[in-house]
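Protein chains in written order, with the working numbering: chain A, 28 to 363; chain B, -1 to 279.
Backbone N, C-alpha and C fix where the C-beta goes; we use that ideal spot for every residue, glycine too.
What you are looking at is a predicted structure, and each value in this text was computed from that prediction instead of being measured.
To start, the structure itself, in structure tokens.
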Amino acid sequence: MNALAPMPSTPSLALLEVEGLRTEFPSAEGIARVLDGVTFTLARADTLGLVGESGSGKTMTALSILGLVPPPGKVTSGAVRFEGTELLKLGPEALRRVRGRRIALIFQEPNGTFDPVMQVGAQVAELLREVGDVETRAADREAVDLLRKVHLPDPSRVARLYPHQLSGGMGQRVAVAMALAGRPKLLIADEAASGLDLTIQAQIRELLSEVQSERRMAMLWISHDLGSVAQVASRVAVMYAGRIVETGPTRRVFGAPHHPYTRALLRARPTLDRRRRSLEALAGAAPLPTRLPAHCPFYDRCPAREERCRQEDPIERSVGPAHKVRCLVDPSSGAS
Amino acid sequence: MPSSLGRRAAQVGGAIVVLAWAAALFAPILSPYDPAAFERMQLAPPGSTHWLGTDEIGRDVLSRLLFGARSSLLVGWLAVVIAISIGTVVGLVAGWGGGVVDAVAMRSVDLLLAFPRLFLALLVIAFWGPSAWLVTVVLGLTGWMTTARLVRAQVLALRDREFIVAARAVGMPVRRLLWRHLLPQCTGTIVVAATLMLGNTILAESALSFLGLGVQVPDASWGGMLNEARGVWRSAWWLALFPGVLITCTVIAHNLLGDGLRDWLDPRMSRIESAERGNSE
Chain A
28 MNALAPMPST PSLALLEVEG LRTEFPSAEG IARVLDGVTF TLARADTLGL
78 VGESGSGKTM TALSILGLVP PPGKVTSGAV RFEGTELLKL GPEALRRVRG
128 RRIALIFQEP NGTFDPVMQV GAQVAELLRE VGDVETRAAD REAVDLLRKV
178 HLPDPSRVAR LYPHQLSGGM GQRVAVAMAL AGRPKLLIAD EAASGLDLTI
228 QAQIRELLSE VQSERRMAML WISHDLGSVA QVASRVAVMY AGRIVETGPT
278 RRVFGAPHHP YTRALLRARP TLDRRRRSLE ALAGAAPLPT RLPAHCPFYD
328 RCPAREERCR QEDPIERSVG PAHKVRCLVD PSSGAS
Chain B
-1 MPSSLGRRAA QVGGAIVVLA WAAALFAPIL SPYDPAAFER MQLAPPGSTH
49 WLGTDEIGRD VLSRLLFGAR SSLLVGWLAV VIAISIGTVV GLVAGWGGGV
99 VDAVAMRSVD LLLAFPRLFL ALLVIAFWGP SAWLVTVVLG LTGWMTTARL
149 VRAQVLALRD REFIVAARAV GMPVRRLLWR HLLPQCTGTI VVAATLMLGN
199 TILAESALSF LGLGVQVPDA SWGGMLNEAR GVWRSAWWLA LFPGVLITCT
249 VIAHNLLGDG LRDWLDPRMS RIESAERGNS E
């Protein structure tokens, strides 16, 4: 469903390049390194799926890119280049002008992301004025147009509703409208469809794909739901313990996973067409961000571990066209 | 929640506040006599010519009470407007800014709170000489700390709420975020703080005028009238009773109104009706 867009005008230049991103929180138990060298690139109009279990750092990656890490957390090293600009070096005001206008972020639980005491139409209009460079007088009308664009039925009525009067699906559509107000080039959707019922999830994905191809917008689709990632993303990055352990074209990563963690994730998801009755849950837990080991962080839980895995931290290596993995072990030894 | 009782009390309070303002505004029309004029009759008890009697030098008590309402309300409300404005801005900036900004603002609050308010007022008045305007400014400048603390607490509770983070994530400027999204959530707090402060401030104005440091003769003020009644109130009870009752009623009325306004203005309550009624803007 996600046809690859024609080559962008500057083919070599990625829209977003994240390199060695490290985000840390000082805590009583020591420094919690929630991001430990996140590296990935995202091309114009492309979609990258970011998957991983809770706490692996998916949301923190999004917040770090936008400079919204809640204090006392801080991005301590790394680079985030967007359209050639280093975002980590921008001042607060310059960074604010990136948010909404270049990169927008939408969250899970849309109805919590609106001002509870303001009609949603007014909130969309306000954003259009602030980041969409729409004149004050035209803003209300354009807000209704935008709500129509995200396929809300009777948009002028919806515009007059307060957030608590919206259903989850309606709320996420309004959230999409607000994210589009500044005509961003990149939309980060953090679990944007999770928590909605399945038909609504599919509708939201469809809506995003539609606006994405229409506006030639890239998307970072963050989800723990591998199915939705397979639907939406042309490329996928798998996160574990604050780092990306495997990345590549979605078909390759899901079809021929290299990293034992990716394989475990795929085995842990329910399917209809398999004979297997019980799901294989992965035993153990990810290392605490305050106690990241010097060796491979997946070692303790890894079914394919070898002695050398406890001695060195694997660096990224290529295992196929655009397919990279941070694992020392050759996957041929394990069945997948 | 005793809502009907609370609503009735707030209505009574509101009615008294409105009446007091009406009396203050229309004092020149309503007053039967010139409040500063000396009549022939001194210490006349309440009767048909002077409804609430006259004072020691023969001025009409009713007229003076009506004009006194002007001093009390104007000084009280202006001082509160000053205090609320300063307190809100300080609270917003401290709560949002955090860190050093917050520390400096809150330690200043602690410092100012350590001084009794009337003492500060006396100090300033001793230096500049008594006047109604000075009292207004002093009461305003010494009254903002509680509001600052309340607003700061509210901002701290709200700043990490998802809708604030989400608004930042789509590029909402901080100025607008504070003004349009955080401030309205503080309305309830601010209104309650303001009305409670109104009662207090009116009382403080009366106290200062009673001490002769506020509104100056020949202008009338309720506190000043109480002061003038000091020597003779045993025989001329009306001189002390009426201003005293008015001060008490006005202070209580403001407090009742404040409670009512809080219930009504709280943004988390009863927005559904207005939305369903609502027309497009």
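Among the residues of its own chain, which have a CB less than 6 Å from the CB of residue i, if the five just before and after it don't count?
i, result
"A81/B", "G138, G141, W142"
"L64/B", "A21, A25, L28, S29"
"V7/B", "Correcting the residue type first, residue 7/B is Ala in the shown sequence and not Val. Only L254 meet the Cβ criterion."
"S207/B", "V213, S219, G221, G222"
"Y31/B", "D58, S61"
"F109/A", "L43"
Among the residues of its own chain, which have a CB less than 7 Å from the CB of residue i, if the five just before and after it don't count?
i, result
"L116/B", "A202, A205"
"S363/A", "Annotation note: pLDDT 41 at S363/A (below 50); position unreliable, coordinate value reported separately. Only P284, R290 meet the Cβ criterion."
"R5/B", "G258"
"F240/B", "L50, V59, L63"
"R178/B", "none"
"T134/B", "V73, L76, A77"
"V153/B", "G89, L90, G93, W94, L180"
"A170/A", "G148, V151, A152, L155, A186"
"C247/B", "I14"
"R332/A", "Y326"
Could you give the residue range of the beta strand (DSSP E) that holds residue i?
i, result
"G64/A", "57 to 69"
"F348/B", "A query on residue 348/B cannot be resolved here, the shown segment of chain B reaching from -1 to 279 and no further."
"P53/A", "43 to 54"
"L109/A", "Note on residue identity: the sequence assigns Phe, not Leu, to residue 109/A. Unbroken beta strand (DSSP E) run through F109/A: 101 to 109."
"A206/A", "Run containing A206/A: none in the beta strand (DSSP E); it sits in the alpha helix (DSSP H), 195 to 207."
"L93/A", "Looking at the DSSP string, L93/A is not in any beta strand (DSSP E), and its letter there is neither H nor E."
"M266/A", "262 to 267"
"L77/A", "74 to 78"
"A131/A", "130 to 133"
"V346/A", "344 to 347"
"V352/A", "350 to 352"
Considering residue i, what are the terminal residues of the alpha helix (DSSP H) in which it resides?
i, result
"W248/A", "No alpha helix (DSSP H) contains W248/A, which is instead part of the beta strand (DSSP E) from 245 to 249."
"T277/A", "277 to 282"
"K212/A", "It is not in any alpha helix (DSSP H) - K212/A carries neither H nor E in the DSSP assignment."
"K176/A", "163 to 176"
"K116/A", "Neither: K116/A is in no alpha helix (DSSP H) and is coded neither H nor E."
"F282/B", "An answer regarding residue 282/B cannot be provided, because it is not within the stretch -1 to 279 covered by chain B."
"T52/B", "Premise fails: T52/B is in no alpha helix (DSSP H) and is neither H nor E."
"V356/A", "Here V356/A belongs to no alpha helix (DSSP H), and DSSP marks it neither H nor E."
"V149/B", "143 to 157"
"L309/A", "Taken as a continuous stretch (DSSP letters only), L309/A belongs to no alpha helix (DSSP H), as it is neither H nor E."
When you compare only the Cα positions, how much space is there between residue i and residue j?
i, j, result
"S345/A", "T317/A", "29 Å"
"K85/A", "R270/A", "9 Å"
"E241/A", "G105/A", "32 Å"
"E160/B", "F134/A", "9 Å"
"R379/A", "V151/A", "As shown, chain A starts at 28 and ends at 363. That puts residue 379/A outside it, with no answer to give."
"R337/A", "P330/A", "13 Å"
"A295/A", "L309/A", "7 Å"
"P324/A", "T274/A", "17 Å"
"P341/A", "V256/A", "26 Å"
"M266/A", "R279/A", "16 Å"
"L194/B", "A251/B", "10 Å"
"D261/B", "G186/B", "8 Å"
"L213/A", "D167/A", "25 Å"
"P180/A", "A165/A", "21 Å"
"S81/A", "L111/B", "47 Å"
"E343/A", "G47/A", "12 Å"
"L41/B", "A35/B", "14 Å"
"T199/B", "G66/B", "15 Å"
"T47/B", "V10/B", "30 Å"
"M246/A", "P114/B", "59 Å"
Within its chain, find whatever has a CB closer than 8 Å to the CB of residue i; leave out the 5 residues flanking it on each side and keep chain order.
i, result
"D217/A", "K85, T86, A89, L132, I133, F134, Q135, I249"
"I231/A", "G196, Q199, R200, V203, A219, A220, L223"
"A59/A", "E51, F52, P53, L315, P316, T317"
"A191/B", "I82, G85, T144, T145, L148"
Using a beta-carbon distance below 7 Å, is residue i in contact with chain C?
i, result
"E37/B", "Although the question refers to chain C, the structure presented lacks it and instead comprises the protein chains A and B."
Using a Cβ distance threshold of 8 Å, determine whether the region 69 to 78 of chain A contacts the region 120 to 129 of chain A, with at least three qualifying pairs required. no
What are the residues in the region 167 to 200 of chain B lying within 8 Å of chain A by C-beta distance? A167, V168, G169, M170, P171, V172, R174, R178, H179, P182, Q183
Which residues, in order along the region 265 to 287 of chain A, keep a beta-carbon less than 8 Å from a beta-carbon of chain B? none
Under 8 Å: do the region 91 to 101 of chain A and the region 44 to 53 of chain A share three or more Cβ pairs, one atom per stretch? yes
Does the pairing of the region 228 to 245 of chain A with the region 153 to 160 of chain A give three or more beta-carbon distances under 8 Å? no
Scan the region 81 to 100 of chain B for residues whose Cβ lies nearer than 9 Å to a Cβ of chain A and list them as they occur along the chain. G96, G97
Pull out every residue of the region 147 to 167 of chain B whose Cβ sits closer than 7 Å to any Cβ of chain A, in chain order. D158, E160, F161, V163, A164, R166, A167
Quick check: the region 102 to 110 of chain B against the region 163 to 172 of chain B, are at least 3 beta-carbon pairs closer than 8 Å? no
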